[in-house]
Structure formats: C-alpha cells, structure tokens
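What follows is a set of notes on a single structure, which appears directly below.
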Amino acid sequence: MSQHSVRIISIKDVTHDTITLTTEKPENYNFKPGQATMIALDRDGWRDKKRPFTFTSLPEDDYIEFIIKTYPEHDGTTDKLLEVRQGEKLILFDIFGTIVYKGEGVFIAGGAGVTPFISILRDLHKKGEIGNNKLIFANKTRRDIMLKEDFEKMLGDNFINILSEEKTGEYPYGFVTADFLKEHVDGFDKYFYICGPPVMIRKLEEYLSALDVDKQLIVKEVF
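Residue numbers for the sequence shown follow the working numbering, beginning at 260 and rising by one.
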C-alpha cells in the first residue's frame with residue numbers, strides 16, 4: 260500500500276460540526292471525482308489508525324480538499340482532526356471508491372453521504388455539463404446542510420432538501436420515501452447515486468425497486 264505524507268494548508272469551518280481540510284497534493288496522485296482515500300494522522304500512535312475520506316477538490320487542482328463531518332464524542336481519527344493545525348502532516352494512502360459518474364441522474368445523500376457527490380457536481384458544473392442532474396439532500400436540521408449556497412448555484416431548483424428533526428416552512432419534513440421520490444423525480448429510467456448510512460441505503464434500494472428502477476442504474480456507497 261502506497262502512502263504519502265502531506266502538510267495541511269488550511270482548516271476552515273463549514274457547519275457547526277463539519278470542516279474543510281486542505282492539504283498539499285502528492286506528485287502523480289490522481290483520482291476521479293467521487294473517489295476517496297484512507298487518512299491517518301502523522302503522529303506517534305496514530306499512523307496505523309486509518310479512516311476513509313472523500314476528495315472534494317477537483318482532480319486538476321494543485322491541492323487536495325476534504326470536507327469532513329466531525330464527531331467530538333468519538334475517540335478516533337475523525338475526533339483528532341479537530342485538534343490538528345495548519346502545517347501539521349497527514350498520511351494519505353491508496354485511492355478507492357465505487358461512486359463514479361456514469362450519466363445524468365438523481366443524487367440522494369444522507370448527511371455526510373453527500374461528500375462523494377461534491378467533486379462530481381463541481382466537475383460537471385465547471386465543464387458546463389451539470390444538465391438536469393438533481394441532488395436530494397437529507398439532514399436532521401437546517402444547520403446540518405453543508406455547502407447550501409454552492410449547491411444552489413450549481414443546481415438551482417434541482418437542489419432539494421428534506422429535514423428529519425426540524426420542521427420549517429422552507430423544507431419538507433421527514434424522510435426520503437417512495438412517495439417523496441415520486442413527487443420530486445421526473446421519471447425513473449435514469450441513474451440513481453445513493454450514499455448514506457446503511458439503513459438509509461437499504462430503504463432507498465427498496466423504494467427504487469418498488470418504482471421499477473433497473474438495479475444497473477443504482478450506484479451506491481455506504482459510509
């Protein structure tokens with residue numbers, strides 16, 4: 260397994276529990292939008308504690324960016340990322356990932372499950388190929404919605420939010436169901452990219468099957 264030690268360039272808050280972490284980019288370190296790598300802290304006692312994170316920068320950028328949801332209550336690598344500072348080093352490993360853009364469709368994300376879609380949508384937008392792609396983004400509350408302005412700019416009315424723990428007059432309340440999909444999706448003969456917690460993925464697969472979506476059109480990744 261290859262590994263690269265990279266220096267942290269910057270750390271910025273995205274939401275109350277999400278950060279953007281930007282690092283140097285190793286030479287000849289190439290990925291496709293939607294892919295990920297394992298990251299470890301370059302600290303004694305932490306170099307073998309790897310966690311997967313998705314690239315949110317574009318392949319042609321001269322830096323690497325990760326948008327990371329942190330869990331302060333956990334005692335692990337993600338928790339420790341709240342402590343790192345500019346100039347500290349991380350270790351990046353091999354590139355992997357099953358979420359790769361195959362064609363126009365509907366992206367459905369639960370919370371941090373949106374991260375594989377960020378680079379894909381940014382890449383399509385930059386190329387002028389965003390087309391009629393749609394993002395359905397499920398979160399608990401408004402404050403959990405990351406990159407709201409970015410998604411609105413890229414997708415316009417094709418950026419749809421739903422909240423499960425906060426009732427507002429702005430967004431639907433509840434969970435993504437078959438009825439919700441029928442209301443917000445125009446036709447089911449397209450790709451469906453789904454990423455989120457295991458329970459959400461299982462439910463979505465059930466709904467999409469009931470809506471006669473071809474299994475070959477479902478691209479999924481569980482986090």
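No residue lacks a Cβ here, since even glycine has one placed at the ideal position from N, Cα and C. Owing to the predicted nature of the structure, the values given are computational and were not obtained by experimental measurement.
- Annotated as distal: residue 277 and residue 269, with beta-carbon spacing of 7 Å or more.
- In this structure, residue 267 and residue 346 form a Cβ contact; the two beta carbons are roughly 6 Å apart against a cut-off of 8 Å.
- Apart from sequence neighbours up to five positions away, the residues of its chain that approach residue 467 with a beta-carbon distance below 7 Å are 451 and 477, ordered along the chain.
- No Cβ-Cβ contact shorter than 7 Å links residue 413 with residue 443.
- With contacts defined as CB atoms closer than 7 Å, residue 353 and residue 459 fail to qualify as a contacting pair.
- Here DSSP, grouped into helix, strand and coil, assigns residue 443 to helix.
- Secondary structure at residue 293: coil, using DSSP grouped into helix, strand and coil.
- By the 16-neighbour rule on beta-carbons within 10 angstroms, residue 263 is buried.
- Looking only at 310, 306 and 320, the smallest Cα-Cα distance to residue 286 is reached by 320.
- A straight line joining the alpha-carbon of residue 386 with that of residue 380 spans about 10 Å.
- The C-beta of residue 292 has 16 or more other C-beta atoms within 10 Å across all chains shown, which makes the residue buried.
- Around the beta carbon of residue 375, a 10 Å sphere encloses 16 or more other beta carbons of the protein chains shown; the residue is thus reported as buried.
- For residue 462, the closest of 447, 435 and 475 by C-alpha to C-alpha distance is 435.
- In the three-state DSSP reduction, residue 275 falls in the coil class, being neither helix nor strand.
- The C-beta of residue 341 has fewer than 16 other C-beta atoms within 10 Å across all chains shown, which makes the residue exposed.
- Distance from the CA of residue 350 to the CA of residue 382, rounded to the nearest whole angstrom, comes to 25 Å.
- Listed in chain order, the non-local C-beta contacts of residue 283 below 6 Å within the same chain comprise 265 and 266, local neighbours out to five positions each way being set aside.
- Between residue 370 and residue 294, the C-beta spacing is not below 7 Å.
- In summary, residue 470 is exposed, with fewer than 16 beta-carbon neighbours lying within 10 Å of its beta-carbon over all protein chains present.
- Judged by beta-carbon spacing, residue 396 lies within the 7 Å limit of residue 373, meaning their Cβ atoms are closer than that value.
- Unbroken beta strand (DSSP E) runs of no fewer than 3 residues, entirely contained in the segment 386-455, are found at 393-398, 418-422 and 450-455, following chain order.
- If you check the CB distance, residue 315 and residue 405 do not come in under 7 Å.
- Runs of the alpha helix (DSSP H) lying entirely within the segment 315-373 and spanning at least 4 residues, in chain order: 336-339.
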